[in-house]
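First the structure, in the form of structure tokens, and then the observations on it.
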Amino acid sequence: MTAPGSYNPDTGLTSAPTFADVTLPCEIGPVSAERTLRLFGSITLRANIVRLQRQFTGAYAEVKVNGKPYEVLRQIDHDGGSGFTGLYIKEKVS
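Below is the structure:
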């Protein structure tokens, strides 16, 4: 999560934003080839779906699973009763 910088009127300076690592409980599973084709137009893309228990409204710079960085392909916010956030992710290739 990111906390924006704040303005200090005494010095006339704005502090830099601060970043914090946040660990959230979630469920992770693979996306089928058929669904990957329908959503992203490719069956060779190895995507996973991450389901968070609650809706996540904060900002994030990156997503890590077991210490590995992942790219967020799409975020889905379900606010119709269930109130959870889903992320389609794929592993970043260095």
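Residue numbers for the sequence shown follow our numbering, so the first one is 11 and each next one is one higher.
Beta carbons are placed, not taken as given, at the ideal position from N, Cα and C, and that holds for glycine.
Quantities reported herein were computed from a predicted structural model and do not represent experimental measurements.
Backbone secondary structure at residue i - three-state DSSP
| i | result |
| --- | --- |
| residue 45 | helix |
| residue 94 | strand |
| residue 66 | coil |
CB contact flag (residue i, residue j, <7 Å)
| i | j | result |
| --- | --- | --- |
| residue 100 | residue 83 | yes |
| residue 93 | residue 65 | yes |
| residue 46 | residue 34 | no |
Whole-number beta carbon distance between residue j and residue i, since they are thought to touch under 8 Å
| i | j | result |
| --- | --- | --- |
| residue 105 | residue 26 | The requested residue 105 does not occur in the structure, where the chain is confined to residues 11 to 104. |
Tell me, please, whether the segment 51-60 touches the segment 30-41 by the rule of three or more beta-carbon pairs shorter than 8 Å.
In this structure the segment 51-60 touches the segment 30-41; the number of beta carbon pairs closer than 8 Å is three or more.
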